[in-house]
Amino acid sequence: MRITSLNGLWEFALIQDYDTVPDYKSVSTVPGCFDTRPGEFGQRKIGCYRRKVRTSGKKVMLTLAACGLHTEVFWDEKSIGKSVLPYNREELVFEPGEAGEHTLVIMTDNFVTADPGEQFKKFYDFYGFGGIYSDVTLTEFESDDLRYIEVIPLNYETGEVRIKVEAFETAPSELEISFDGKEYKKMSFAEEFCCFVPDFKLWSPEEPNLHEVTINGKTVSFGIRVLDWSTQEFKLNGKPLKLIGCNRHESHPEFGAATPDNLILNDLLLIKQQGFNFIRGSHYPQRETMLDICDRIGILVWEEALGWGNKPEELSSETFAAREETQCRKMVRKSINHPSVIIWGFLNECASDDESAKTIIPRLRNAIRELDTSRPVTFATNRPRRDICLDLVDILTINIYPGWYDMDCKADGISEILPTMQEFAEKFKDVQKPLIISEIGAAAIFGDHSGHRWSEEYQARLLETVVNGIFDIKRYTGVALWLFCDANTYIETGYFFSRPRGFNNKGMLNEYRKPKVSWPRLHELLIKRNFIKE
Ligand code: ADA
814 MRITSLNGLW EFALIQDYDT VPDYKSVSTV PGCFDTRPGE FGQRKIGCYR RKVRTSGKKV
874 MLTLAACGLH TEVFWDEKSI GKSVLPYNRE ELVFEPGEAG EHTLVIMTDN FVTADPGEQF
934 KKFYDFYGFG GIYSDVTLTE FESDDLRYIE VIPLNYETGE VRIKVEAFET APSELEISFD
994 GKEYKKMSFA EEFCCFVPDF KLWSPEEPNL HEVTINGKTV SFGIRVLDWS TQEFKLNGKP
1054 LKLIGCNRHE SHPEFGAATP DNLILNDLLL IKQQGFNFIR GSHYPQRETM LDICDRIGIL
1114 VWEEALGWGN KPEELSSETF AAREETQCRK MVRKSINHPS VIIWGFLNEC ASDDESAKTI
1174 IPRLRNAIRE LDTSRPVTFA TNRPRRDICL DLVDILTINI YPGWYDMDCK ADGISEILPT
1234 MQEFAEKFKD VQKPLIISEI GAAAIFGDHS GHRWSEEYQA RLLETVVNGI FDIKRYTGVA
1294 LWLFCDANTY IETGYFFSRP RGFNNKGMLN EYRKPKVSWP RLHELLIKRN FIKE
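Here it is in structure tokens:
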């Protein structure tokens, strides 16, 4: 098996509609978002990327780690696959033809329509960038090479894991297995089997020990940790977890959704240094690098399929539901080996008070459970007072905005935080499921020190009150504050508290990752509350 990166400079053309023949006069980096090019911000177009690729004639798999929003791939001018699932990892397997040079074209648009079946909607509160968000690779393989290895830790006391393997086309007769570079055993092919990892060390956010398994030359890394959410606590290897962290968008004004690996690394180091142990990857499948880094530095992750405020007409659209289901399945398959991923989610803030949600939610939950029962499944609800679907998922995850949206404008909103948190602790006191606030926050315009709403000080006071509440009200298992840093959205949202500058300004850092007042204050608070050491 040979894997070649196709990242780099590609020929490039931007066209307005699919009838125009692209004239590849320009260049673009891959990865890269075309609507962050000078003069293109806010434009809705089709990015056409072209390059030559040499192959040896063996069968190949082209992997697009993430693109947006609709993508079609052409090999020697013939279409070899389409993707309508933004942020999805796509794998296209095909016969490349004769050995030698071929032409690869990727056309990807950022069009948004009112079609209920579409996964990305105009009304979403984050920017729908166009382009190739992440790596493009070409894998040349033999038919019995392994395509997929899955490792599920079963027992943290014995180090037992369950392994599943899948070949590209024909099963090899034998499996040659080693752990951490040391030969373990040879056995005849089986799709699924169990092993005891020799000399194993447990994975946790404090000690993120990883292991590697190599089977027939293919290596994947994994961590041994077992989750338990059968009570009101969330346990990792038998120990209750308090999750304190933030939501994070894959977004930067200069790079759009094609955030470079180094930026992702710095974001995650900032989050780790802050003392947070949890990130909700809002609101779409996460990048491989992001999860690899979280595995290595010890941050827990909630990963979810793309969705935002979806209404009954979308929830009851078969096209929409089928796309969501496909994305959930692909997300689980992509990320299953990452010990950092502890929660699967979908359909952020959908109409979960409407009957239409009662079909799609179990459908997505079952699709995920069919592939993985080692992690809980959930959706973040913004209507916990009238939700009719909370019994359909494994944990309770609520998005609430006391002191920001849900407030009497004449009052000081901070005084609403603890009573609201108490209200939900009380409401769910007898439900045997962990309770997590999956979003809570307030906007702060970077540099506004007036102390009023929209100032850094108001945001800091609000978030401090929330975090103290999470420590003091035992019923809460954790919180993902909204939001790590300011992120691109649309200015014409029509929301009451709109989006000045075209950003969601609820970041604790600004869009260039400069801290607002809340960031150091929360760090001090985590020390004071003995959540982290100085
Ligand atoms: C919602 C939503 C977020 C963001 C947030 C806000 O709860 O899930 O994506 O839009 O509100 O800032 O209002």
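Whatever position you read off the sequence shown (first residue = 1), add 813 for my numbering. Glycine is no exception: its CB is placed at the ideal position from the N, C-alpha and C atoms. Here the structure is a predicted model, which is why all the values come from computation and not from measurement.
Euclidean distance between Cα positions of residue i and residue j
i	j	result
L967	I976	10 angstroms
D1207	S839	50 angstroms
R857	V843	19 angstroms
T1027	Y997	10 angstroms
F1309	E1019	Unreliable positioning characterises F1309 in this predicted model, as indicated by a pLDDT of 47, which lies under 50. A coordinate reading is not provided.
M814	S869	12 angstroms
E1138	R1176	7 angstroms
S1331	K1124	34 angstroms
F1009	I1253	42 angstroms
L775	T876	With the chain covering only 814 through 1347, there is no way to say anything about residue 775.
P1098	N1212	19 angstroms
I1149	N1318	33 angstroms
G1226	P1215	7 angstroms
V949	E955	20 angstroms
K1048	F1013	20 angstroms
D1167	N1022	44 angstroms
W1016	K1085	16 angstroms
A1193	P985	43 angstroms
L1184	L1054	25 angstroms
R1136	C1202	20 angstroms
L1082	C1107	9 angstroms
K1147	R902	7 angstroms
Q1245	T1191	15 angstroms
L1078	R1326	12 angstroms
Three-way DSSP call (helix, strand, coil) for residue i in this model
i	result
T1186	coil
F1159	coil
E1347	coil
I1258	coil
E1046	coil
F1006	strand
I1028	strand
L882	coil
P1125	helix
F1316	strand
R863	strand
F1309	No answer about F1309 holds up, because its pLDDT of 47 lies below 50 and its placement is not dependable.
N1301	strand
K773	With the chain running from 814 to 1347 in the structure shown, residue 773 is simply not present.
T1172	helix
Boundaries (first-last residue) of the alpha helix (DSSP H) holding residue i
i	result
T1278	1269-1285
H1336	1331-1341
S1148	1131-1148
A1238	1230-1240
L1081	1074-1087
Cβ-Cβ distance between residue i and residue j below 7 angstroms
i	j	result
A1255	Q1272	yes
L1091	L1113	At residue 1091 the sequence reads Phe, which differs from the Leu that was named. Result yes, Cβ atoms of F1091 and L1113 sit closer than 7 angstroms.
T971	M874	no
W1115	I1156	yes
I1286	A1238	yes
C861	M920	yes
G1291	L1056	yes
H1336	G1088	yes
V918	R863	yes
V1187	I965	According to the sequence displayed, residue 1187 carries Ser and not Val. Going by C-beta atoms, S1187 is nearer than 7 angstroms to I965.
L1339	G1320	no
K1031	L959	yes
P929	E1126	yes
Extent of the continuous beta strand (DSSP E) to which residue i belongs
i	result
D922	913-922
I965	959-968
C1107	Here C1107 belongs to no beta strand (DSSP E); instead the alpha helix (DSSP H) covers 1101-1110.
L877	873-877
I893	891-896
E1063	From DSSP, E1063 is part of no beta strand (DSSP E); its letter is neither H nor E.
L1248	1248-1252
A1293	1289-1294
R975	973-980
G1094	1091-1094
W823	821-828
Y997	995-1001
Cβ-Cβ separation, residue j to residue i (assumed contact under 8 angstroms), whole Å
i	j	result
C846	A1070	6 angstroms
P1152	G1036	3 angstroms
T1210	I1249	5 angstroms
N923	D848	6 angstroms
heavy atom of the ligand COA below 6 angstroms from residue i C-beta
i	result
N1195	As for the ligand COA, it is missing from this structure, which binds only the ligand ADA.
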